[in-house]
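Residue 134 is where the sequence shown starts when you use my numbering, and the numbers rise one by one after that.
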Amino acid sequence: MPAKQCRFCQTHLTDTVVDLGMSPLSNSYVSVEQLNTKEAFYPLRAYVCPKCFLVQLEDFESPDAIFNDYAYFSSYADTWLTHARQYTEKMCERFATTNKKLVVEIASNDGYLLQYFTERGIPVLGIEPAANVAQVSIEKGIPTEIGFFGRKLAQKLVGDGVKADLLLGNNVLAHVPDINDFVSGMKILLQKDGIITMEFPHLLKLMKERQFDTIYHEHFSYLSFSTAEHIFSAHGLKMFDVEELPTHGGSLRIYACHSDFHGHVVRGRVARMKEKEARFGLKEIATYRAFAEKAKSLKLELLATLI
Ligand SMILES: [Zn+2]
134 MPAKQCRFCQ
144 THLTDTVVDL
154 GMSPLSNSYV
164 SVEQLNTKEA
174 FYPLRAYVCP
184 KCFLVQLEDF
194 ESPDAIFNDY
204 AYFSSYADTW
214 LTHARQYTEK
224 MCERFATTNK
234 KLVVEIASND
244 GYLLQYFTER
254 GIPVLGIEPA
264 ANVAQVSIEK
274 GIPTEIGFFG
284 RKLAQKLVGD
294 GVKADLLLGN
304 NVLAHVPDIN
314 DFVSGMKILL
324 QKDGIITMEF
334 PHLLKLMKER
344 QFDTIYHEHF
354 SYLSFSTAEH
364 IFSAHGLKMF
374 DVEELPTHGG
384 SLRIYACHSD
394 FHGHVVRGRV
404 ARMKEKEARF
414 GLKEIATYRA
424 FAEKAKSLKL
434 ELLATLI
């Protein structure tokens, strides 16, 4: 077996945070033929990098196998639509997005969010890897590029004259297998004075509340604000604001721009969030080791109740 390396900084990984054993892929369709065969099981094991503290799953599966028949359609959830509508209102208010600005969403799904920008006459572009889901979005009149987002796709779009004034992605950062390719792609696609917003489940919440159920195969990275800031910074992007959201058991919404753009004041919330994470011990390997011990004993307790 090849040595495991951090998907961000390539440091050798030895510390397991959670080992949930063998589990099936949760978001895959199970077809009639597959029901007759055995569903594929994969090891579900999360590591922490001792250098950048990125909590991550080991590589085991190509993203194609996960996303080709991706079964989740965002518009199915009412609460998620409300969340998308409120986000649109907020962004329009805060950054005065006018009809000249282009809003680009990565993993735009069926257009559940971009439809609210379209309603306001703001130009949009969705990027969605699952062709069946993208098709639904296109039928709604939302321009959608089918493909995996990364450097290559960003360069192609820029070549076509596309630059994002607002570049967003909800629950996608944690799902990408190559986080460096993804973040550097955002750097390429972002307009000089453009804004990035990303939402992802907060590692601090996961560890504080022991949310083991949020660990699953499609979810490659588990991010703290500090680690996300470190990754963005390595690609020439800086965080200028952060908010805590109740979604997915506790998420963060980060705001970023080019490192050399000085049009946004860095909010006090950025420093406060880093302090809060440091206080919990997210920058010490001992914290993760203690968590791993707790996870192990909880798993044994659970097994005992099943026998
Ligand atoms: Zn690392």
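Cβ atoms here follow ideal geometry from the backbone N, Cα and C, with glycine treated the same way. Because the structure is a prediction, the values reported are computed rather than measured.
**Asked** So, helix, strand or coil for H368, using DSSP?
**Response** coil
**Request:** Compare the C-alpha of T277 against each of Y245, L306 and K285 and name the closest.
**Result:** Y245
**Item:** L247 Cβ short of 7 Å to ligand 1 heavy atom set
**Value:** no
**Prompt:** Would you report the Cα separation of E408 and E376, rounded to the nearest angstrom?
**Reply:** 14 Å
**Prompt:** Mind checking whether the beta-carbon of L370 lies closer than 7 Å to any heavy atom of ligand 1?
**Reply:** no
**Prompt:** So, helix, strand or coil for S430, using DSSP?
**Reply:** In the three-state reduction of the DSSP assignment, S430 falls in the helix class.
**the region 378 to 386 in contact with the region 330 to 349 per 3-pair CB rule at 8 Å** = yes
**Request:** With distances taken Cα to Cα, identify the nearest neighbour of R140 among T149, V150, E191 and T212.
**Result:** When only C-alpha atoms are compared, the closest one is E191.
**Distance cut-off 7 Å: T330 Cβ against heavy atoms of ligand 1** = Not under cutoff, so the answer is no.
**Any 3 or more C-beta pairs closer than 8 Å across the region 263 to 270 and the region 293 to 301** = Because the criterion of three Cβ pairs below 8 Å is not met, the region 263 to 270 and the region 293 to 301 do not touch.
**Request:** Using only alpha-carbon positions, find the residue among Q138, Q189, C142 and K137 that is nearest to V150.
**Result:** Q189
**Prompt:** Leaving out five residues before and five after K341 in sequence, what residues of the same chain have Cβ atoms less than 8 Å from its Cβ?
**Reply:** F413
**Asked** How close, in whole Å, do the beta carbons of E410 and F373 come, if the pair is a contact with beta carbons under 8 Å?
**Response** At roughly 17 Å, the Cβ-Cβ gap does not stay under 8 Å, so E410 and F373 are not in contact.
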